[in-house]
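Below: one structure, written as C-alpha cells.
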Amino acid sequence: MKYLTTNEIRNIWLKFFADKGHNIEESASLIPNNDPTLLWINAGVAPLKKYFDGSVIPKNPRIVNAQKCIRTNDIDNVGKTARHHTFFEMLGNFSIGDYFRDEIIPWAFELLTSDKYYGFDKDLLYMTVYPTDEETLQAWVKEGINPAHIIKTNYNFWEIGEGPCGPCTEIFFDRGEEFGDLTTDVIRDDIENERFIEIWNIVFSQFNSKPGVERKDYKELPNKNIDTGMGLERMACVLQEAETNFETDTFMTIIKDIEKLSNEKYDGQMSYKVISDHLRTVVFAVSDGAVLSNEGRGYVLRRLLRRAIKHGKSLGINKPFLYTLVPTIIKAMSEFYTYLETTEELVTKLIRIEEEKFFETLVQGEKKLEEIIETNDKNVLSGKQAFTLYDTYGFPLELTVEMAEEHDFTVDTEGFKREMEKQKERARSARKSLVSMKSQNEAFIEFKEQDSFTGYSTLEESTYVLKSFPEGVVLEKTPFYAESGGQVADKGSIKHGDKVFIVEDVQKLPNGQSLHVIKDNDLSDGDIISAIVDKDNRNMTMYNHSATHLLFAALREVIGEHVSQQGSNVSSEAMRFDFNNYDNLDDETLLKVEKIVNDKINKNIKVNVTEQTIEKAKQMGAIAEFGEKYADKVRVVNMDYTIDLCGGTHVSNTGLIERFAIASIESKGSGIYRISGHANNAVENIKNQFTGFHKEMDKLMDKVNKILSDANIKGIKLSFNFTRNEEIIGSYQDIINKRIEFQLLGDKARELDKEYKEALRSQTLSNLDDMLKTAVDNKLVIRVEGVDKNSLKPLADRLLDKLPNGFVFIANVSNNKVTFIAKSANKEIHAGNIAKAAAIVTGGNGGGRPDMAQAGGKDTSKIEEALLKVKELIM
Numbered sequence: 056m057k058y059l060t061t062n063e064i065r066n067i068w069l070k071f072f073a074d075k076g077h078n079i080e081e082s083a084s085l086i087p088n089n090d091p092t093l094l095w096i097n098a099g100v101a102p103l104k105k106y107f108d109g110s111v112i113p114k115n116p117r118i119v120n121a122q123k124c125i126r127t128n129d130i131d132n133v134g135k136t137a138r139h140h141t142f143f144e145m146l147g148n149f150s151i152g153d154y155f156r157d158e159i160i161p162w163a164f165e166l167l168t169s170d171k172y173y174g175f176d177k178d179l180l181y182m183t184v185y186p187t188d189e190e191t192l193q194a195w196v197k198e199g200i201n202p203a204h205i206i207k208t209n210y211n212f213w214e215i216g217e218g219p220c221g222p223c224t225e226i227f228f229d230r231g232e233e234f235g236d237l238t239t240d241v242i243r244d245d246i247e248n249e250r251f252i253e254i255w256n257i258v259f260s261q262f263n264s265k266p267g268v269e270r271k272d273y274k275e276l277p278n279k280n281i282d283t284g285m286g287l288e289r290m291a292c293v294l295q296e297a298e299t300n301f302e303t304d305t306f307m308t309i310i311k312d313i314e315k316l317s318n319e320k321y322d323g324q325m326s327y328k329v330i331s332d333h334l335r336t337v338v339f340a341v342s343d344g345a346v347l348s349n350e351g352r353g354y355v356l357r358r359l360l361r362r363a364i365k366h367g368k369s370l371g372i373n374k375p376f377l378y379t380l381v382p383t384i385i386k387a388m389s390e391f392y393t394y395l396e397t398t399e400e401l402v403t404k405l406i407r408i409e410e411e412k413f414f415e416t417l418v419q420g421e422k423k424l425e426e427i428i429e430t431n432d433k434n435v436l437s438g439k440q441a442f443t444l445y446d447t448y449g450f451p452l453e454l455t456v457e458m459a460e461e462h463d464f465t466v467d468t469e470g471f472k473r474e475m476e477k478q479k480e481r482a483r484s485a486r487k488s489l490v491s492m493k494s495q496n497e498a499f500i501e502f503k504e505q506d507s508f509t510g511y512s513t514l515e516e517s518t519y520v521l522k523s524f525p526e527g528v529v530l531e532k533t534p535f536y537a538e539s540g541g542q543v544a545d546k547g548s549i550k551h552g553d554k555v556f557i558v559e560d561v562q563k564l565p566n567g568q569s570l571h572v573i574k575d576n577d578l579s580d581g582d583i584i585s586a587i588v589d590k591d592n593r594n595m596t597m598y599n600h601s602a603t604h605l606l607f608a609a610l611r612e613v614i615g616e617h618v619s620q621q622g623s624n625v626s627s628e629a630m631r632f633d634f635n636n637y638d639n640l641d642d643e644t645l646l647k648v649e650k651i652v653n654d655k656i657n658k659n660i661k662v663n664v665t666e667q668t669i670e671k672a673k674q675m676g677a678i679a680e681f682g683e684k685y686a687d688k689v690r691v692v693n694m695d696y697t698i699d700l701c702g703g704t705h706v707s708n709t710g711l712i713e714r715f716a717i718a719s720i721e722s723k724g725s726g727i728y729r730i731s732g733h734a735n736n737a738v739e740n741i742k743n744q745f746t747g748f749h750k751e752m753d754k755l756m757d758k759v760n761k762i763l764s765d766a767n768i769k770g771i772k773l774s775f776n777f778t779r780n781e782e783i784i785g786s787y788q789d790i791i792n793k794r795i796e797f798q799l800l801g802d803k804a805r806e807l808d809k810e811y812k813e814a815l816r817s818q819t820l821s822n823l824d825d826m827l828k829t830a831v832d833n834k835l836v837i838r839v840e841g842v843d844k845n846s847l848k849p850l851a852d853r854l855l856d857k858l859p860n861g862f863v864f865i866a867n868v869s870n871n872k873v874t875f876i877a878k879s880a881n882k883e884i885h886a887g888n889i890a891k892a893a894a895i896v897t898g899g900n901g902g903g904r905p906d907m908a909q910a911g912g913k914d915t916s917k918i919e920e921a922l923l924k925v926k927e928l929i930m
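Be aware that the sequence shown starts at 56, since it is given in our numbering, and climbs by one per residue.
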C-alpha cells in the first residue's frame with residue numbers, strides 16, 4: 056500500500072477502467088434531472104438508472120465515473136463519526152449487459168493489489184458474499200484471497216423494490232490492532248467499527264425483482280449488469296493512513312484555513328469537521344445551480360450553512376466567515392472539478408449574503424428566546440418552543456440549549472425530537488419514497504436495427520414499417536419528431552392502404568429508434584405506409600421552441616449569467632422554461648425580458664443550424680440543454696443572439712415567430728422558477744391565465760349584487776359601476792392589467808359594502824323614537840330583523856341614553872340565527888345574566904358584564920319565548 060493523494064486515487068480509478076474499454080462519464084449535476092424520486096443525486100448509479108432499466112442503451116456498455124453525491128438523512132452524525140459526510144464522491148464502474156463476474160473480480164483484485172495501482176496487501180483485505188453466491192466466493196479464492204477472509208452475510212443482496220437486483224460482494228480493509236482488537240464477526244454482523252473499513256461494493260445485477268415473488272424464484276435479467284461503488288473519501292483515509300476521513304489531504308487544506316480564522320489548533324474537534332464538510336456541500340450544490348431558500352434543496356443548504364455558522368461561533372468566530380473559505384474549497388477540489396473556478400465569484404457572493412442574513416436572524420431569534428424565557432415560570436423550554444426557534448429562526452438545538460442554560464433553563468430535547476420527526480414525516484408524505492428502476496422491456500432492448508429521422512427537411516415520408524410492436528411501430532424513415540430535449544412529439548397520421556392510424560405519441564426506444572404509438576395496431580413488418588406530420592402543430596411547436604431559446608438568452612442578459620436551464624417543455628400550445636434564481640422576478644423585469652425576445656423576433660435574424668464536433672461547438676460558445684448527453688457530433692442552433700446545442704425543430708428566421716408573450720411565472724421550490732409563455736398565434740392562449748381572476752371576480756360580483764338587492768329591499772339607494780375588460784394585447788402586460796382590474800373591483804366592492812353598512816346604521820338609528828314607544832319603566836325589550844352586527848351596540852347605546860337608569864335588551868334575527876345585546880344602567884339588573892338566560896332558551900349560550908353583555912341563539916322559533924323570559928326577569 057502506498058500513499059496517494061485524493062486526486063491520484065480518483066485518476067488511477069478512471070484510467071484503470073478506461074484502459075479496460077470503459078467510457079469515462081462526467082459526473083452528473085448534484086441536482087437530479089427528470090427524477091422526482093430524488094432530492095439530490097445520492098449515489099454513483101443514480102444518474103445511470105436509465106441504462107440499467109433498459110429505457111436507454113449507452114453507446115458503450117462499459118462506463119466508469121467519479122460521481123458527486125449529497126446525502127442528508129443523517130446530518131447530525133457529521134463530525135461525530137469518522138466517515139459521515141453530506142457531500143462525498145463515489146467512484147463507480149458499470150457494465151450494462153456486457154461483462155460480469157468473471158471479468159470484474161480479477162480486475163478488482165488487480166486494481167487493489169497491484170503496485171501499479173493501489174498496492175494493498177491482499178492479506179489485509181476481507182470480502183463478504185451472499186450465502187448462496189458460491190461463484191463469487193470461488194472467484195476471490197482463485198485470485199488468492201484466503202477463504203478465511205471471505206465472510207458469508209445475508210445482507211449482501213442489493214434490492215430496491217421492483218426491477219434489477221442481485222447479490223453483492225463488499226471489500227474491507229483491516230487497519231490493524233491499533234484501531235481495535237476485533238474479530239471478523241463485526242463484518243458478519245454489520246457492526247460499525249474503526250478497524251475493518253468497507254472500501255468497495257460490487258453488485259451483480261442479474262435478477263428481476265417482482266412483488267409477491269420469493270427471492271429464490273426471481274427470474275434472471277435478459278441483460279446482466281455490474282454496478283460498483285467505492286467511497287473516495289474512505290479510500291483516501293485508508294491509503295493516507297489517516298485516523299478519520301477528515302485528516303486526509305483535501306479536508307486538511309480546508310481545516311488549516313479554519314485554524315487561521317479561529318486561532319485555535321485543530322485536534323479532532325467536531326466543529327472543524329462540520330464546517331469543512333458542510334461548506335464543501337454548499338459550494339458544490341450552488342455551483343451546480345442550487346439556491347438557498349426555505350424549502351426543498353434550498354432549505355437543506357440553508358440548514359447546512361447555518362449549522363456551520365453555529366460551529367464557527369463555538370470556535371470563537373462571531374462574524375460571517377464561511378464565504379472567505381470558498382476559494383480554499385475551490386483550491387482543494389478544482390484540479391479535477393475545473394468548472395468550480397468559473398463559479399467562485401457567484402458562490403462567494405451568495406454565501407456571504409446568506410451569512411449576513413443569518414446573523415441578523417440570530418439577533419431576532421435571541422429576542423424571541425428571551426421573550427419565551429421571560430414569560431415562562433417553569434424554567435423549561437418545551438420541545439415545541441425549541442422547534443419553533445429552529446424552524447422559524449434557524450436556531451440549531453445546541454444553540455438554544457446553550458442560551459437557555461445561561462438563564463438556568465433546560466430544554467425538552469425529547470419533545471424537540473418528536474417535533475422534528477413530525478416534520479420529517481410530513482416531508483416523507485409529501486415526497487414519494489425511493490422508486491425502483493423500471494423493469495426491462497426485452498423486446499425493445501433486443502431491437503437494434505436503426506431508423507432515420509427526416510423531419511428536419513420534410514413533413515411527409517413514403518416508407519415502410521421497420522418493426523411492429525403491440526404498442527406501435529418503428530418506421531424505416533420518419534418525419535415525426537420523438538419527444539426529447541423538452542420538445543413534445545409531433546402529431547399526425549400513418550396511412551396504410553385505406554386505413555389511417557392516428558399517431559398519439561412518439562417515444563425514443565432504448566437503442567434510439569422512434570416508436571410511433573398507435574391504437575389497434577395491425578401493421579406488420581415491411582408494410583408500405585405514408586407518414587404525415589401535422590404541419591400546423593409542428594410549426595406552432597417550432598415557434599414556441601425557438602422563442603424558448605431567445606427567452607433563455609434574455610434571462611441571462613437581464614438577471615445574470617448564473618441563470619441555468621433546469622428543465623423545459625415545448626408544445627404547439629405553449630412553452631415552459633424552468634431556471635434557477637435567488638428571487639422571483641418582478642413585473643418590470645418580466646416585461647423587459649419579454650421586450651428583448653420580441654425585439655429579436657422583429658429583427659428577422661437568420662437561424663443557422665449546423666453539425667459540429669462537441670469541441671467546436673463549445674468554442675463557438677454554444678449553451679447545452681439541461682441534463683442532455685451529447686454525441687461527438689452535435690447540432691448547433693445559431694440565432695446570433697444565442698448559440699445552443701439542440702436536437703429540436705426550429706424556425707429558419709426569428710421573424711416567423713411573429714410575437715411572444717410571457718403568461719406566468721411561479722416558484723417550483725428550491726430556488727427554481729418556471730416561466731410559461733406563448734409564441735405566434737398561441738399568444739391568444741394568454742386568456743387561459745384569466746380563469747382564476749375571473750372566478751374570483753365573479754364571486755365579488757355575486758357579493759355586490761346581493762348588497763344591491765338587500766339595499767333595494769330596505770329602500771336604500773346605492774349605485775355601482777364596473778365593466779370587465781375582455782381585450783388583450785398579447786403580452787405579460789395583459790396579466791398585469793387583469794391583476795389591476797381585479798384589485799379595482801375588490802376596492803369598489805369593499806367601498807360599496809362600507810357604504811351599505813353605514814346606510815343601514817343610519818336607517819336603524821333613525822327609528823329610535825318608534826322603538827322607544829314600547830319601553831315600560833325605562834326598560835326596553837325589542838326584536839329587530841337583519842340589523843348589521845356592527846350597528847347593534849351603537850343602537851343599544853343610543854336607546855339607553857334615552858332611558859335614565861334604564862335597561863335595553865335587543866334580539867336581532869339574521870341568517871336564521873339570533874344575537875342578543877343587553878345593556879344596563881340599572882344596578883339591580885345584571886345584563887350578563889339576562890343575556891345568558893335568553894340564549895339558553897334558544898339553544899345558545901353567552902353572557903357578560905353587569906352593564907353590557909352579548910349572547911347568541913340557534914333556534915329562532917323560540918325568540919318570543921326568550922323575550923317573555925327576559926321580561927319576567929326584569930319586571
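Positions of the beta carbon are idealized from the N, C-alpha and C atoms, including for glycine.
Between F875 and A910, the C-beta gap is smaller than 8 Å, which places the two residues in contact. In the DSSP assignment, N867 forms a beta bridge with V839 and T874. In terms of Cβ geometry, N576 and S523 form a close pair [threshold 8 Å].
The bridge partners DSSP lists for T465 are V435.
K758 counts as exposed, since fewer than 16 other beta carbons sit within 10 angstroms of its beta carbon. For the pair of segments examined, the region 622-635 was found to touch the region 596-606: the number of CB pairs separated by less than 8 Å reaches three. With respect to the 8 Å criterion, E469 and G420 are not classified as neighbours on the basis of their beta carbons.
One thing to note: P222 has its Cβ no nearer than 8 Å to the Cβ of E198. Judged by DSSP secondary structure, A910 falls within the beta strand (DSSP E) whose first and last residues are M907 to G912. V196 and M388 have their C-alpha atoms spaced approximately 38 Å apart. Contact annotation, G785 with A718: C-beta distance approximately 10 Å; criterion of less than 8 Å not satisfied. S722 carries a strand assignment under DSSP once its states are collapsed to helix, strand and coil. Here L530 is bridged, per DSSP, to V520. Beyond the five residues adjoining it in sequence on each side, A163 comes within less than 6 Å, by CB distance, of no other residue in the same chain.
DSSP places E189 in the uninterrupted alpha helix (DSSP H) bounded by E189 to E198.
In the three-state reduction of the DSSP assignment, I895 falls in the helix class, which pools H, G and I.
DSSP places P859 in no beta strand (DSSP E); its state is neither H nor E. Relative to the Cα of T398, the nearest Cα in the group N431, K812, R358 and V341 belongs to V341. Listed in chain order, the alpha helix (DSSP H) runs fully inside the region 759-829 are 787-820 and 823-827, counting runs of at least 4 residues. Just so you know, the alpha carbons of F607 and Q620 end up roughly 8 Å apart. Here N128 is exposed. Its C-beta has fewer than 16 other C-beta atoms within 10 Å. Per the coordinates, the alpha-carbon of M458 lies some 28 Å from the alpha-carbon of D312. As computed with DSSP, M182 is found in a beta bridge with I205 and I226. Taking all protein chains shown into account, A609 has 16 or more neighbouring C-beta atoms within 10 Å of its C-beta and is therefore buried.
F748 has no beta-bridge partner at all, per DSSP. With fewer than 16 neighbouring CB atoms inside 10 Å of its own CB, P859 falls in the exposed class.
Counting along the chain, the unbroken alpha helix (DSSP H) around H366 starts and ends at G351 to S369.
Below 8 Å, too few C-beta pairs join the region 358-366 and the region 272-290 to call them touching: fewer than three.
Put simply, the backbone Cα of F142 is about 45 Å away from that of S707. In the three-state reduction of the DSSP assignment, D240 falls in the helix class, which pools H, G and I. Per DSSP, the continuous beta strand (DSSP E) segment holding S585 begins and ends at I583 to V588. Taking every protein chain shown into account, the CB of R65 has 16 or more other CB atoms within 10 angstroms, so this residue is buried. Short of 7 Å from the beta carbon of N566, and not among the five residues preceding or following it, lie these beta carbons of its own chain, in chain order: I112, F502 and K503.
Assigned with DSSP and collapsed to three states, P161 falls in helix. For the pair of segments examined, the region 234-242 was found not to touch the region 263-274: the number of CB pairs separated by less than 8 Å stays below three. For S707, no alpha helix (DSSP H) encloses it, and the DSSP letter there is neither H nor E.
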